[in-house]
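*Asks:*
Chains as they are written, first to last, in my numbering: chain G, 6 to 537; chain H, 6 to 537.
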């Protein structure tokens, strides 16, 4: 028998030949990205699809947080009705509304209100796209095989419906668990925590109660949240549509998480888990960072970034943080563009940008202070760096809870925390063995996969392009109404049968009883009358 | 930028180097297979794991349907309390009980009774294993990393529990959907058909009613089915266990299907789908078959096999089949060891064995007549050959229904069919375009996967060996009782709150009303008395 390594050689050579000879059949893909950090990891997929020879067209508003320029794919941009300042202002307003610090449920309401004032910018963007006649004409005439989108702004889903294109969704999640609802995925309230509840999958009675209550109000607030977008979609599609109508035709849902991070729960066959897709191979550090890293000595360093959307915070909070950093022996790289706090210690380096993944991948990285965005968290997991989490908005609170519940990090409230809280948290994750052990375990589990998430995502986009969708993965549940889905009609029928049977049996018994009783009575009466 | 094909080259060379240098860390695996055809595909995984340098020990009863000899892995055999004739007799009795032909629900009862008389042989086998002191001592002392088993006989699951080993289940399914129940996987009755109902995922009201009724009796018949095994397990583990207690610790469930074949439905993150794992690359045909295939001319040939367990059928049925074959222009390869039917036509070649996959992979294969075992069906799908299905026992009726519902085959009742039924069915699948188109579509979807099912299975067995299980994929639902899982306690609490609130509000209203009314009454009375 052929030895294992020879078999492997043979396999690899075969793959090599296949790849050199051009394995993939080229297709035509339309991409409707979501602005902001969401685009960071989707761009990786788009780049790779372009490299594999597909014609990729990306729709970008002319005013955007991300650069649309690329040599690899075509960018079609369209003018929008707002300025860069408008956009930045709205987003900063959204972010700062989270920095006021309120208890539950006021935090939820605050987030809701902030979202209500920010979200219309994406609806406007979509209106601008659809009112660009020339571009829409081009889209109609181009024979795309499929559409790739992050559905959180709904615009991509609307374009897919409008052009009748099979679609692939690429996302971390949607408000109100719409990504499960639209996909007919069971979502048990008893162990699947709802967003903003900060519950884990193990809940006490009162936490489960909170989960049920939050779930029951989701219907109302999410309808408000998406009302404008849905109205616009109904107008464009010339029929009344709901959120679920727009989302449920999607062929494949590429979910930017895995179950090292997310709590295990029921899923559907058309959900593909690509958590960690953004973790890159470690590259050499730029010289200035290399020098600082080398100078950090045996204590190593800490990386601190609040993500691409938040580069400064109120001075009061910045001072608390700077004070805490002064108490630890590690060097701290702090991505910060605001005014330098007066109490900044020598070990703290303020930088306008930092090579986050390459720093985290360095063996001297001791801790990662993050806002808890899913990209950053996965870089922490991939590189096995314990975290201090300072969640700000969106899913960040819940992301932080997931890492904390696995013993791989400590969550702090950036508004309420003192410098002592932060230095305690840093000391804990750096010096207590359990945090490093837990993040090592999570990292080992996460990285032990049969295929890289990027290749997996590329495979499924190409799959949808090749087969014009994935109808074989679409559950029949889509064609059942709520009563049928829960078999309530069958249960009602069976109950009716049981009740009718009982009623007839009872009537029969009564009839027989009366017959006997009546006879007896008659006999008794007649015998009595005789005796009288 | 580096062109795509160069990037691929680089990747492939890297993989090559990795493989040559010995990628996998070797471990120690215990395998407890199920006898019969179930072992056919599990053996592929065991062989590959051995080739990858793991120490694999397979437990085999001395009397078995499959040969246990291998150069690659260690076989530990143990004596059993029955003879080869006993085993064959029981299995033949089981098979022939299905050839009587009865309507629903008598067919289910007949299968149930046949199973009740056949199944104890596997319990005996397990008792024999546990009474073999020397072997048990060896198992206890050997430090296995994990256990791989087909849990249908329960013995492997019992050994895993007994030795406290993390386990991987490898299977097509379990009676009564235990593979979903034990894994906390939602199983909606409205579109997930129960076994033996012959329902598809699209059901009428009466089919959904049947589904609910069958599901409600499953609890009773499955408990009867597994009663002996459970009793024995309770004795061995020295505590009362249920079927679910034995099954639910399993780390990974390797499911021998995918959603080209199975209806899409909710799944759990620890279920891995490896349908088509048994489809091999096409190999050259043996000379005698090559000659016959070449002689078949433009009409091509038909492959007919009823699986490894059924090689002969009653003469009455054999004659009907032989007659039908005489009416088609194709050559027929019929795996058959019984008496030659007197009306056998010239185009029909009776053979004791046939290279099924290699014949199906031949471009001249026109149709595949199969009993509907999952291995055979996947060979039909992989090679895109339309099927005529003659299901006999176990899951075969339901397998056949799945292929028929996708328009890739015709199902016949082998007992009731006439020769005309068979020739009509063959003419349909061979000459009507839709069957070939549908099986081509299924085949294309099935084969378009990011990784071969065999590599996927090997990866997950190694994963469990490396990490001593996969606890991160275990849902919290395992720790909830039925009431908690369905949030019935929360709902009851909320109802109670609503009722108490309503009661108090009502009482308050009544109190206020009475107060006012009483005052008025007093006022009225006093004014009346004054006027009097």
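The C-beta atom is built at its ideal place from N, Cα and C for all residues, glycine as well.
Does the contact criterion of 3 or more C-beta pairs under 8 Å hold for the stretch 318-332 of chain G versus the stretch 270-277 of chain G?
*Replies:* Contact between the stretch 318-332 of chain G and the stretch 270-277 of chain G is absent, because fewer than three Cβ pairs lie under 8 Å.
*Asks:* Do we get a CB-CB distance below 8 Å when we pair residue 403 (chain G) with the residues of chain H?
*Replies:* No, residue 403 (chain G) lies away from the interface with chain H (no Cβ there is under 8 Å from its Cβ).
*Asks:* Cα separation between residue 477 (chain G) and residue 37 (chain H)?
*Replies:* Approximately 34 Å between the Cα atoms of the pair.
*Asks:* Quick one: any contact between the stretch 164-173 of chain H and the stretch 370-377 of chain H, if contact means 3 or more CB pairs under 8 Å?
*Replies:* Judged by Cβ distances under 8 Å, the stretch 164-173 of chain H makes no contact with the stretch 370-377 of chain H, as fewer than three pairs qualify.
*Asks:* Sorted by chain position, which residues of the same chain lie with C-beta nearer than 8 Å to residue 217 (chain G)'s C-beta, five sequence neighbours on each side aside?
*Replies:* The residues are 194.
*Asks:* According to the Cβ coordinates, are residue 301 (chain G) and residue 369 (chain G) closer than 8 Å?
*Replies:* Yes.
*Asks:* What is the rounded straight-line gap between the Cα of residue 58 (chain G) and the Cα of residue 188 (chain G)?
*Replies:* Their backbone Cα atoms lie some 31 Å apart in a straight line.
*Asks:* Could you check what DSSP says for residue 226 (chain H) in three-state terms: helix, strand or coil?
*Replies:* Reduced to three states, the DSSP call for residue 226 (chain H) is helix.
*Asks:* Determine whether the beta carbon atoms of residue 465 (chain G) and residue 173 (chain G) lie at a separation below 8 Å.
*Replies:* Contact flag set, yes.
*Asks:* Got a sec? Which residues, its chain only, sit under 8 Å from residue 463 (chain G) by beta carbon, not counting five neighbours each side?
*Replies:* Once the five neighbours on either side are set aside, the close Cβ partners of residue 463 (chain G) are 50, 53, 54 and 57.
*Asks:* If you drop the 5 nearest sequence neighbours on each side, which residues of the same chain put their C-beta closer than 7 Å to that of residue 380 (chain H)?
*Replies:* The answer, listed in chain order, is 42, 45, 46 and 283.
*Asks:* Given that a residue counts as buried once 16 or more other Cβ atoms are within 10 Å of its Cβ, and exposed if not, what is residue 507 (chain G)?
*Replies:* With fewer than 16 other Cβ atoms within 10 Å, it is exposed.
*Asks:* Measure the CB-CB distance between residue 87 (chain G) and residue 68 (chain G) and report whether it falls below 8 Å.
*Replies:* Yes, Cβ-Cβ distance for residue 87 (chain G) and residue 68 (chain G) is below 8 Å.
*Asks:* Residue 142 (chain G): buried (16+ other C-beta within 10 angstroms of its C-beta) or exposed?
*Replies:* Residue 142 (chain G) comes out exposed.
*Asks:* Grouping DSSP H, G and I as helix and E and B as strand, with all else coil, what is residue 201 (chain G)?
*Replies:* Of the three classes helix, strand and coil, the one that applies to residue 201 (chain G) here is coil, per DSSP.
*Asks:* Determine the contact status of residue 397 (chain G) and residue 103 (chain G), defining contact as a CB-CB distance below 8 Å.
*Replies:* Yes; because the gap between Cβ atoms is below 8 Å, this pair is in contact.
*Asks:* List, in chain order, every chain H residue whose beta-carbon is nearer than 7 Å to that of residue 254 (chain G).
*Replies:* Ordered by position in chain H, no residue passes the 7 Å Cβ test against residue 254 (chain G), which lies about 15 Å from the chain.
*Asks:* Under 8 Å between beta-carbons, which chain G residues line up against residue 489 (chain H)? List them in chain order, please.
*Replies:* Per Cβ cutoff of 8 Å: 195 and 213.
*Asks:* Are the beta-carbon atoms of residue 444 (chain G) and residue 389 (chain G) separated by less than 8 Å?
*Replies:* Their beta carbons are under 8 Å apart, which means residue 444 (chain G) touches residue 389 (chain G) by this criterion.
*Asks:* Classify residue 473 (chain H): buried if its beta carbon has 16 or more other beta carbons within 10 angstroms, exposed otherwise.
*Replies:* It is exposed - the Cβ of residue 473 (chain H) has fewer than 16 other Cβ atoms within 10 Å.
*Asks:* Give every residue of the same chain whose Cβ lies closer than 7 Å to the Cβ of residue 226 (chain H), excluding the five residues on either side of it in the sequence, and list them in chain order.
*Replies:* Closer than 7 Å at the Cβ level, and outside the excluded window around residue 226 (chain H), lie 117.
*Asks:* Tell me the rounded alpha-carbon separation between residue 392 (chain H) and residue 266 (chain H).
*Replies:* Their Cα atoms are separated by approximately 13 Å.
*Asks:* Spatial neighbours of residue 311 (chain G) within its chain, please: C-beta separation below 6 Å, excluding the five flanking residues on both sides.
*Replies:* Result list for residue 311 (chain G): 376, in chain order.
*Asks:* Of all the CB atoms in chain G, is at least one closer than 8 Å to the CB of residue 206 (chain H)?
*Replies:* Closer than 8 Å to some Cβ of chain G, the Cβ of residue 206 (chain H) qualifies, so yes.
*Asks:* Where does residue 83 (chain H) sit, in a helix, a strand or coil, going by DSSP?
*Replies:* In this structure, residue 83 (chain H) counts as strand in the three-state DSSP scheme.
*Asks:* By the 7 Å beta-carbon criterion, what residues does the stretch 461-481 of chain H contribute toward chain C?
*Replies:* Judged by its chain identifiers, the structure shown contains no chain C, and its protein chains are G and H.
*Asks:* If you measure between the beta carbons of residue 454 (chain H) and residue 363 (chain H), is that distance less than 8 Å?
*Replies:* Not a contact, by the Cβ cut-off of 8 Å.
*Asks:* Using C-beta distances below 7 Å, list every residue in its chain close to residue 433 (chain G), excluding the 5 sequence neighbours before and after it, in chain order.
*Replies:* 415 and 440, listed in sequence order.
*Asks:* Does any C-beta atom of chain H lie closer than 8 Å to the C-beta of residue 494 (chain G)?
*Replies:* It does: the Cβ of residue 494 (chain G) has a partner Cβ on chain H nearer than 8 Å.
*Asks:* Starting from residue 273 (chain G), find everything on chain H with Cβ-Cβ shorter than 9 Å and list it in chain order.
*Replies:* The answer, in chain order, is 269, 270, 271 and 272.
*Asks:* Going straight from the alpha carbon of residue 459 (chain H) to that of residue 326 (chain H), what length do you get?
*Replies:* Looking at the two C-alpha atoms, the distance is approximately 36 Å.
*Asks:* Using a C-beta to C-beta distance shorter than 9 Å, which residues of chain G count as neighbours of residue 498 (chain H)?
*Replies:* Per Cβ cutoff of 9 Å: 210 and 214.
*Asks:* Do residue 140 (chain H) and residue 231 (chain H) have their C-beta atoms closer together than 8 Å?
*Replies:* Cβ distance not < 8 Å, so residue 140 (chain H) and residue 231 (chain H) don't count as in contact.
*Asks:* Could you round the C-beta distance between residue 475 (chain H) and residue 275 (chain H) to whole angstroms and report it? I think they count as a contact, below 8 Å.
*Replies:* At roughly 6 Å, the Cβ-Cβ gap stays under 8 Å, so residue 475 (chain H) and residue 275 (chain H) are in contact.
*Asks:* Skipping 5 residues on each side, what residues in its chain have a beta carbon closer than 6 Å to that of residue 350 (chain G)?
*Replies:* Within the same chain, residue 350 (chain G) has close Cβ partners 330 and 331.
*Asks:* Grab the span of the beta strand (DSSP E) containing residue 414 (chain G) for me, first residue to last.
*Replies:* Per DSSP, residue 414 (chain G) belongs to the beta strand (DSSP E) from 414-416.
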